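Undergrad:
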Amino acid sequence: MNAAPADQIRLLDLQALDVRLTQLAHRRENLPEHAEIRALEADLTQQRDLLVAAQTEESDTARDQTKAEQDVDQVRQRAARDQQRLDSGLVTNPKDLASLQSELASLARRQDDLETIVLEIMERHEAAQSRAKELAARLDELQATATEATQRRDAATQDIDAEVAAVRKERSEVAAELPADLLKLYDKLREQQGGIGAARLYQRRCEGCRLELNITELNEVRAAAPDTVVRCENCRRILVRTPESGL
Numbered sequence: 016m017n018a019a020p021a022d023q024i025r026l027l028d029l030q031a032l033d034v035r036l037t038q039l040a041h042r043r044e045n046l047p048e049h050a051e052i053r054a055l056e057a058d059l060t061q062q063r064d065l066l067v068a069a070q071t072e073e074s075d076t077a078r079d080q081t082k083a084e085q086d087v088d089q090v091r092q093r094a095a096r097d098q099q100r101l102d103s104g105l106v107t108n109p110k111d112l113a114s115l116q117s118e119l120a121s122l123a124r125r126q127d128d129l130e131t132i133v134l135e136i137m138e139r140h141e142a143a144q145s146r147a148k149e150l151a152a153r154l155d156e157l158q159a160t161a162t163e164a165t166q167r168r169d170a171a172t173q174d175i176d177a178e179v180a181a182v183r184k185e186r187s188e189v190a191a192e193l194p195a196d197l198l199k200l201y202d203k204l205r206e207q208q209g210g211i212g213a214a215r216l217y218q219r220r221c222e223g224c225r226l227e228l229n230i231t232e233l234n235e236v237r238a239a240a241p242d243t244v245v246r247c248e249n250c251r252r253i254l255v256r257t258p259e260s261g262l
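Mapping to the numbering used here: the sequence shown position 80 is 95, numbers consecutive.
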């Protein structure tokens, strides 16, 4: 294949633009904010689960407290009725009086037990309420941090995408200047050779594979016409000759 020396040198400009696009894609994919956001999302999920558990306990203990207080109130009301009967003087039978007094004593013990239960439930409820409040505050902090990290990621991504658009535009302009067959070969080699389709021959070394050409290879390159598209014998990339090739 033949191509004007200027077109071959222009191929290096195209290669530089393609390298820049690869670098930008790698940078976009590996922004530190990506890992930060993933970690924050994991923390947020865990924090939401903890908050739900605390809120469930808060709700359960509130319900248990209401039930226990109702039980205390029922015992208190029954004791009040029995006390009224006792104080009324209407119960005169000694056996009935003894039974009523015994029931009042039993109700008093029952009330004490239920009030102790109420206090225990209240303590559990207050602890759950406090924990839910702390977890909700922590969740808000994490969400704010995640939002800020997302904004930083989006801003960085936007900057990269803007540069990518500019580089692609420049690449299209450069590619349009090159012969179709040369561009086709370059693109094919670039796909096969890890993104590098053309390399400069610098000081007798191919900058694609970083290997120095032996004397036979150098002589073949020296003998080639200026418009001949030469290839590196080691990596098969297009080898572009410049005044710094050391020929």
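Note that beta-carbon positions come from the ideal geometry of N, C-alpha and C, so glycine has one too.
For clarity, every value in this text was computed on a predicted model and none was experimentally measured.
What residue from Q126, E118 and R183 has the CA that sits closest to D86's CA?
TA: Out of Q126, E118 and R183, Q126 has the C-alpha closest to the C-alpha of D86.
Undergrad: How is I175 classed by DSSP in three states: helix, strand or coil?
TA: Of the three classes helix, strand and coil, the one that applies to I175 here is helix, per DSSP.
Undergrad: So, at 6 Å on beta carbons, what are the nonlocal neighbours of Q30 in its own chain, with the 5 sequence-adjacent residues on each side left out?
TA: Cβ neighbours of Q30 beyond the five flanking positions: A213.
Undergrad: Classify H41: buried if its beta carbon has 16 or more other beta carbons within 10 angstroms, exposed otherwise.
TA: Result: exposed.
Undergrad: So, with DSSP's three-state summary, where would you put P45?
TA: As written in the sequence, residue 45 is Asn, which differs from the Pro given in the question. Correct three-state label for N45: coil.
Undergrad: Does E118 come out as helix, strand or coil in the three-state DSSP assignment?
TA: If DSSP states are grouped into helix, strand and coil, E118 belongs with the helices.
Undergrad: Taking Cβ positions, are D176 and R35 nearer each other than 9 Å?
TA: Contact: no.
Undergrad: Per DSSP, what kind of secondary structure is E259 in: helix, strand or coil?
TA: In this structure, E259 counts as coil in the three-state DSSP scheme.
Undergrad: For A95, would you say it is in contact with chain C, using Cβ-to-Cβ distances shorter than 9 Å as the test?
TA: Going by chain labels, chain C is absent from the structure shown, which holds only one protein chain.
Undergrad: When the Cα of D28 is compared with those of A143, R186 and E84, which residue comes out closest?
TA: Nearest of A143, R186 and E84 to D28, Cα basis: R186.
Undergrad: Just verifying my parser: in three-state terms, what is the DSSP assignment at R251?
TA: Here R251 sits in coil by DSSP.
Undergrad: Is the CB-CB distance between A171 and E51 below 9 Å?
TA: Cβ atoms of A171 and E51: not closer than 9 Å.
Undergrad: What would DSSP say about V244, mapped onto helix, strand or coil?
TA: Three-state DSSP puts V244 in coil, outside helix and strand.
Undergrad: Does the distance from the C-beta atom of V245 to that of V236 stay below 9 Å?
TA: Yes; because the gap between Cβ atoms is below 9 Å, this pair is in contact.
Undergrad: Quick one: what does DSSP say N229 is sitting in, helix, strand or coil?
TA: Coil.
Undergrad: Of the residues Q38, D75, A190 and G223, which one's Cα is nearest the Cα of E138?
TA: With distances taken between Cα atoms, E138 lies closest to D75.
Undergrad: Got a sec? Which residues, its chain only, sit under 8 Å from D97 by beta carbon, not counting five neighbours each side?
TA: Answer for D97: L115, E118, L119 and L122, listed in chain order.
Undergrad: Just mark Q92 as buried or exposed, buried being the case when its beta carbon has 16 or more other beta carbons within 10 Å.
TA: It counts as exposed.
Undergrad: With H, G and I counted as helix, E and B as strand and the rest as coil, what does DSSP make of A214?
TA: Strand at A214.
Undergrad: Sorted by chain position, which residues of the same chain lie with C-beta nearer than 7 Å to D58's C-beta, five sequence neighbours on each side aside?
TA: Once the five neighbours on either side are set aside, the close Cβ partners of D58 are L157.
Undergrad: Once DSSP output is grouped into helix, strand and coil, what is the label at N108?
TA: The answer is coil: DSSP assigns N108 none of H, G, I, E or B.
Undergrad: Could you check which residue in I211, L228 and R183 has the C-alpha nearest to that of Q218?
TA: The candidate whose alpha carbon is nearest that of Q218 is L228.
Undergrad: Please classify D169: is it buried, with 16 or more other beta-carbons within 10 angstroms of its beta-carbon, or exposed?
TA: It counts as exposed.
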